[in-house]
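Residue numbers (the numbering used here): 2 to 272.
As structure tokens, then:
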């Protein structure tokens with residue numbers, strides 16, 4: 002087996018990956034909090050934004066920032082571009098499906114567990130698809146027990162994350178929940194990476210694919226731009242307090258209209 006280094010840049014990649022995971026999770030929780038308050042069709046748009054924030058930035062970007070520090074002695078690493086792009090799409094789609102399923106089910110446990118299982122398995126699929134996108138001059142194998150453990154961690158982390166999207170509001174609680182989600186996502190990633198072992202070929206063979214900086218950085222930058230756009234949308238939109246006040250005002254108006262007598266075109270009460 003060839004020596005594997007998960008931290009070839011020291012603490013830079015794991016710390017940066019954790020920060021990105023926490024930032025994406027925090028933004029996603031802010032967006033889901035707005036979705037709960039607004040509801041209806043507009044609320045669904047906020048959930049789509051949350052899927053990009055959590056799935057794109059909180060999970061996928063974290064995964065590949067951490068991968069930037071991955072090295073195998075004796076072979077260069079190249080990436081299959083279509084598989085890597087597919088892994089990014091999977092992360093966003095499965096998180097979106099979990100958010101919509103949980104939002105539809107409300108407080109019902111079966112929807113939360115179903116959404117957590119679906120999202121967790123999807124996140125694990127994204128992770129191992131991203132690992133399969135790595136091309137090396139060697140044979141890659143996985144420890145089934147560690148793979149199973151990583152999938153369980155992914156399902157548990159996804160279920161807790163979806164529970165947070167239903168319950169958490171307020172800057173302090175959202176910040177704390179995002180930090181916990183960052184720990185869970187990072188834990189799942191490095192557990193999955195620990196399952197991998199590589200036996201390099203005795204003779205170096207050409208390794209197809211692109212270097213990490215050739216396409217990973219543009220993708221990460223693109224997702225970062227989307228994240229900043231979503232963050233600006235949250236900042237420029239009405240605050241939770243303002244939305245709650247508006248909702249209460251509309252409810253009072255609705256109650257007043259329901260209790261008011263019916264009038265004709267000139268405002269004269271009928272009957």
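Even glycine gets a Cβ: it sits at the ideal position worked out from N, Cα and C.
Annotated three-state conformation of residue 134 is coil, per DSSP. Residue nearest to residue 180 within the set 84, 9, 19 is 19 (criterion: CA-CA distance). Closest option to residue 33, judged by alpha-carbon separation, among 21, 22, 46, 23: 46. For residue 170, the three-state secondary structure derived from DSSP is coil. With a beta-carbon spacing of about 5 Å, residue 155 and residue 124 fall inside the 8 Å limit used to define contacts.
If only complete runs of 3 or more residues are kept, the region 100-168 shows the beta strand (DSSP E) at 139-143, in order along the chain.
Here DSSP, grouped into helix, strand and coil, assigns residue 6 to strand. Distance between residue 108 and residue 207, taken at the CA atoms: about 53 Å. Note that the C-beta distance between residue 178 and residue 169 is below 9 Å. The alpha-carbon separation between residue 197 and residue 24 amounts to approximately 28 Å.
Counting only runs that start and end inside the region 175-246, the alpha helix (DSSP H) elements of at least 4 residues fall at 213-237. The continuous alpha helix (DSSP H) containing residue 50 extends over residues 41-52. Taken atom to atom, the span from the alpha-carbon of residue 224 to that of residue 93 is near 11 Å. About 20 Å separates the CB atoms of residue 118 and residue 147; that is not less than 8 Å, and the two are not in contact.
Restricting attention to 171, 151, 233, 126, the CA atom closest to the CA of residue 194 is found in 151.
Under the three-pair Cβ rule at 8 Å, the region 72-84 does not count as touching the region 41-61. When the beta-carbon positions are compared, residue 166 and residue 103 come within less than 9 Å of each other. Within its own chain, the residues whose Cβ lies closer than 6 Å to the Cβ of residue 8, once the five positions on either side in sequence are excluded, are 70, listed in chain order. Taking every protein chain shown into account, the CB of residue 135 has 16 or more other CB atoms within 10 angstroms, so this residue is buried.
Across the set 66, 153, 28, the C-alpha of 28 shows the shortest separation from the C-alpha of residue 53. Under the DSSP assignment, residue 66 falls in the alpha helix (DSSP H) whose first and last residues are 63-68. Setting aside the 5 residues that flank it on each side, residue 232 is surrounded in the same chain by 28, each with a C-beta closer than 8 Å to its C-beta; the list follows chain order. Residue 87 and residue 253 have their alpha carbons spaced roughly 48 Å apart. Taking 9 Å as the cut-off, the beta carbon of residue 121 is found no closer than this to the beta carbon of residue 65. In the assembly as shown, residue 63 is a buried residue. Its beta-carbon has 16 or more other beta-carbons within 10 Å.
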